[in-house]
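Novice: For this note's numbering, count along the sequence shown from 1 and bump the result up by 31. Below: one structure in structure tokens.
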Amino acid sequence: MRDQPTETATQSRHHWKPFALFFCGVLLAYVAGAYVIAPALWERYAHQHPWLADIPNITHAGDGEPGDPLNVSLIGTKPELIKIVSAAN
Numbered sequence: 032m033r034d035q036p037t038e039t040a041t042q043s044r045h046h047w048k049p050f051a052l053f054f055c056g057v058l059l060a061y062v063a064g065a066y067v068i069a070p071a072l073w074e075r076y077a078h079q080h081p082w083l084a085d086i087p088n089i090t091h092a093g094d095g096e097p098g099d100p101l102n103v104s105l106i107g108t109k110p111e112l113i114k115i116v117s118a119a120n
């Protein structure tokens, strides 16, 4: 015959549930914010400011949306850039 769990053992087993629910809530909020809300807000902002598409110092995503800023931009023709970079070596 098995021993019945004591009241303390039962309480300790249910002690993790609030933490698990909190963790799931935080994870759900992060995913919603990072993958749903932020892209929607950025798309709205980018459409209100069409000049963002012409800035040479930012990347563009595959769908043409402006992306991350660049730290360095090289402006010039391809032969000029090759000559400058070769001279720097």
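Beta carbons: idealized from backbone N, C-alpha and C, even for Gly.
For the candidate residues I89, E111, T108 and E74, whose alpha-carbon lies nearest to that of D99?
Specialist: In the sequence shown, residue 99 corresponds to position 68, counting from 1. Ranking I89, E111, T108 and E74 by Cα distance to D99 puts I89 first.
Novice: Let's see if you can read the secondary structure: which residues bound the alpha helix (DSSP H) around H78?
Specialist: Start at 1 with the first residue of the sequence shown, and residue 78 comes out as number 47. Note, H78: alpha helix (DSSP H), A69 to Q79.
Novice: Starting from I89 and walking both ways along the beta strand (DSSP E), at which residues does that stretch end?
Specialist: Along the sequence shown, one-based indexing puts residue 89 at 58. Segment I89 to H91, the beta strand (DSSP E) holding I89.
Novice: Could you compute how far the alpha carbon of C55 sits from the alpha carbon of I106?
Specialist: Residue 55 sits at position 24 when you count from the first residue of the sequence shown. Residue 106 sits at position 75 when you count from the first residue of the sequence shown. So the alpha carbons of these two residues sit roughly 47 Å apart.
Novice: Rounding to the nearest angstrom, what Cα-Cα distance links H91 and A51 in this structure?
Specialist: Your numbering for residue 91 matches position 60 in the sequence shown. Your numbering for residue 51 matches position 20 in the sequence shown. When rounded, the distance between both Cα atoms is 38 Å.
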